[in-house]
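Engineer:
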Amino acid sequence: MPRPILATIHQGALRHNLDLARERAQGARVWAVVKANAYGHGMERVFEAFRGADGFALLDLAEAERLRQLGWRGPILLLEGVFEPRDLETCSRLGLWHAVHTDAQIDWLSQHKTQTPHHVFLLMNSGMNRLGFPPARYRAAWARLNALPQVDEIALMTHFSDADGPRGIAHQVQVFEAATRDLPGERSLANSAALLRHCADARVRGDWVRPGILLYGSAPDYPENGVSHWGLQPAMTLTARVIAVQHLQAGDSVGYGSTFTADSAMTVGTVACGYADGYPRHGGTDTPVLVAGQRTRTLGRVSMDMLAVDLTHLPQAGLGSEVTLWGRAANGTVLPVEEVAAAAGTIGYEQLCALAQRVPVVVQE
Ligand SMILES: *Cc1c(COP(=O)(O)O)cnc(C)c1O
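In terms of the numbering used here, the sequence shown has 54 at position 37, counting the first letter as 1, and numbering is strictly consecutive.
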């Protein structure tokens, strides 16, 4: 028998979340953001469920190639654009749309020999200071692109730094609007958090929205709001089993470094999941976990291949019990990945992407 650990990707949840994104987009088209191998879910595993999207957005040319091999003939957008001139040949060959965020990319385009003019998304740095032209130089970049025979469509794009938090997006929307007021072209602004929290504003919805994390059923603004608030369904479940049970007396400790010590008699389950499976090591004691669909906690340090859970108040649990590290337990109880991530000082995004190669994955309806 293989080691009892398994990740399950729920097709129904992916479809449900995409439908929800489409509803909130109110007619704007939807990019399914599938960068980082579909946020750790696997491009090939999400593809069918996301066929209903208007396009796929990602970063890596090799991932774009995989999408074309899967038979996707619709739009594909490279969110960081090209990294060197010859990437433009791949764009021409595969019909990829690409972000343009810097003068060098325009230089490369101007030298590029192609029969098929490109569709580009001109990226404005409206305040995040990561990628894009500053507002004062945006129009000049647009004019340069517009003069190139290598370019036919120019869409206008920006990205928000605080759509999930108290600062919000108003300051960036204002900068973007002011600098694009009389420019033609489709617009794309909203990530998941903007689509969930700020989509009453038609300017925020624009012509294309770009949800990522919400499609995978994780709340971008946890702990302010969780999946149940937004109606999202977690698309990944990580389960393992209890492979040993230990009975502790007061004063006994658990795991490396003896960081947890029992102050009364306890029952502890050893679970076949560790940090080499992508489970976070930084949580230590008190990270939430489900055993047989009931909520309990981890104890002590996470090892490479195992972790300990508190079974003291779960008399029906024992050797072989199903352990849900995140996602949906067999009894329907949900443990959102962002809750586990928060206990370890990180976010759902990182936790999903961290799922290790060695964990077998199944796709389920
Ligand atoms: C990753 C990314 C998104 C999606 O972000 P989520 O927070 O996962 O919705 C959208 N736009 C750009 C430019 C991105 O890099």
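Virtual Cβ for every residue (Gly too), placed ideally from N, Cα, C.
(1) Return the CA-CA distance between residue 7 and residue 294, expressed in angstroms with no decimal places.
(2) Using 8 Å as the Cβ pair cut-off and three pairs as the minimum, do the region 352–359 and the region 270–278 touch?
(3) Any chance the CB of residue 354 is under 8 Å from a heavy atom of ligand 1?
(4) Please state the DSSP three-state secondary structure of residue 125.
(5) Can you check DSSP and say which residues form a bridge with residue 115?
(6) Of all the options 42, 81, 296, 202, which has the alpha carbon lying nearest to the alpha carbon of residue 217?
(7) Taking 6 Å as the limit between beta carbons, can you name the residues of its chain near residue 23, skipping five residues before and five after?
(8) Of the residues 206, 161, 135, 64, which one's Cα is nearest the Cα of residue 142?
(9) Any heavy atom of ligand 3 closer than 8 Å to the CB of residue 229?
(10) Please classify residue 273 as buried or exposed, where buried requires at least 16 other C-beta atoms within 10 Å of its C-beta.
(11) Could you tell me the distance, in whole angstroms, from the CA atom of residue 86 to the CA atom of residue 114?
(12) Starting from residue 358 and walking both ways along the alpha helix (DSSP H), at which residues does that stretch end?
(13) Excluding the 5 residues flanking residue 83 on each side, which residues of the same chain have their C-beta closer than 8 Å to its C-beta?
(14) Extract the residue ranges of the alpha helix (DSSP H) inside the region 204–283, only unbroken runs of 4 or more that lie entirely within it.
(15) Counting pairs of Cβ atoms below 8 Å between the region 365–377 and the region 324–336, do you hit three or more?
(16) Would you report the Cα separation of residue 92 and residue 148, rounded to the nearest angstrom?
(17) Would you kindly work out how many angstroms separate the C-alpha atoms of residue 208 and residue 20, rounded to a whole number?
(18) Go ahead and label residue 235 buried or exposed: buried means 16 or more other beta carbons lie within 10 angstroms of its beta carbon, across all protein chains shown.
(19) Can you give me the start and stop residues for the beta strand (DSSP E) that residue 325 sits inside?
(20) Tell me whether residue 366 counts as near ligand 1, meaning its Cβ is closer than 8 Å to at least one heavy atom of that ligand.
(21) If you measure from the CB of residue 210, is any heavy atom of ligand 1 nearer than 8 Å?
(22) Have a look at the DSSP bridge pairing and note the partners of residue 22.
(23) Consider the C-beta atom of residue 244 and the heavy atoms of ligand 1; say whether any pair is separated by less than 8 Å.
(24) Can residue 192 be considered in contact with ligand 1, in the sense that its beta carbon sits closer than 8 Å to one or more heavy atoms?
(25) Rounded to the nearest angstrom, how far is the Cβ of residue 50 from that of residue 30, given a contact under 8 Å?
Structural biologist: For this structure:
(1) Since the first and last residues shown for the chain are 18 and 382, residue 7 lies out of range.
(2) no
(3) no
(4) helix
(5) 95, 137
(6) Looking only at 42, 81, 296, 202, the smallest Cα-Cα distance to residue 217 is reached by 42.
(7) 256, 377
(8) 206
(9) Ligand 3 is absent from the structure shown, which contains only ligand 1.
(10) exposed
(11) So the alpha carbons of these two residues sit roughly 17 Å apart.
(12) Looking at the DSSP string, the run of the alpha helix (DSSP H) that includes residue 358 is 354–360.
(13) 60, 61
(14) Segments of the alpha helix (DSSP H) lying fully in the region 204–283: 209–214, 219–222, 244–247.
(15) no
(16) 22 Å
(17) Residue 208 and residue 20 have their C-alpha atoms some 38 Å from each other.
(18) buried
(19) Looking at the DSSP string, the run of the beta strand (DSSP E) that includes residue 325 is 324–327.
(20) yes
(21) Residue 210 Cβ: within cutoff of ligand 1.
(22) 257.
(23) no
(24) no
(25) That belief does not hold up - the Cβ atoms of residue 50 and residue 30 are roughly 16 Å apart, past 8 Å.
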